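Going by the UniProt record's numbering, the sequence shown opens with residue 1, and the numbers climb by one from there. Report on one structure; see the data block that follows.
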Amino acid sequence: MKLFNKESPKKQTSVVSTIASRFENKPDEILQLLKLDVERDILFKLPESRID
Numbered sequence: 001m002k003l004f005n006k007e008s009p010k011k012q013t014s015v016v017s018t019i020a021s022r023f024e025n026k027p028d029e030i031l032q033l034l035k036l037d038v039e040r041d042i043l044f045k046l047p048e049s050r051i052d
């Protein structure tokens with residue numbers, strides 16, 4: 001019985017390498033995306049954690 005598909009890790013690494021190559025030499029874009037993610041998280045979490 002196979003516990004996992006042998007092709008799965010290869011597909012995952014190819015996806016990761018595709019994303020990495022797409023952002024190669026573009027650290028500013030990655031930082032911008034991360035900032036947007038963080039800002040979105042903060043905006044969504046603020047109303048819940050705000051104490052009036």
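Built from N, CA and C at the ideal position, the CB exists for glycine as well. Keep in mind that this is a model prediction, so the values were computed, not measured.
In angstroms with no decimal places, state the Cα-to-Cα distance between P27 and I42. As a first step, residue 27 is located in the sequence shown; it is residue number 27 there, counting from the start. As a first step, residue 42 is located in the sequence shown; it is residue number 42 there, counting from the start. So the alpha carbons of these two residues sit roughly 22 Å apart.
Please check if any C-beta of chain D sits within less than 7 Å of the C-beta of T18. Included in the structure is just one protein chain, with no chain D present.
For K45, which three-state DSSP category applies? In the sequence shown, residue 45 corresponds to position 45, counting from 1. In this structure, K45 counts as helix in the three-state DSSP scheme.
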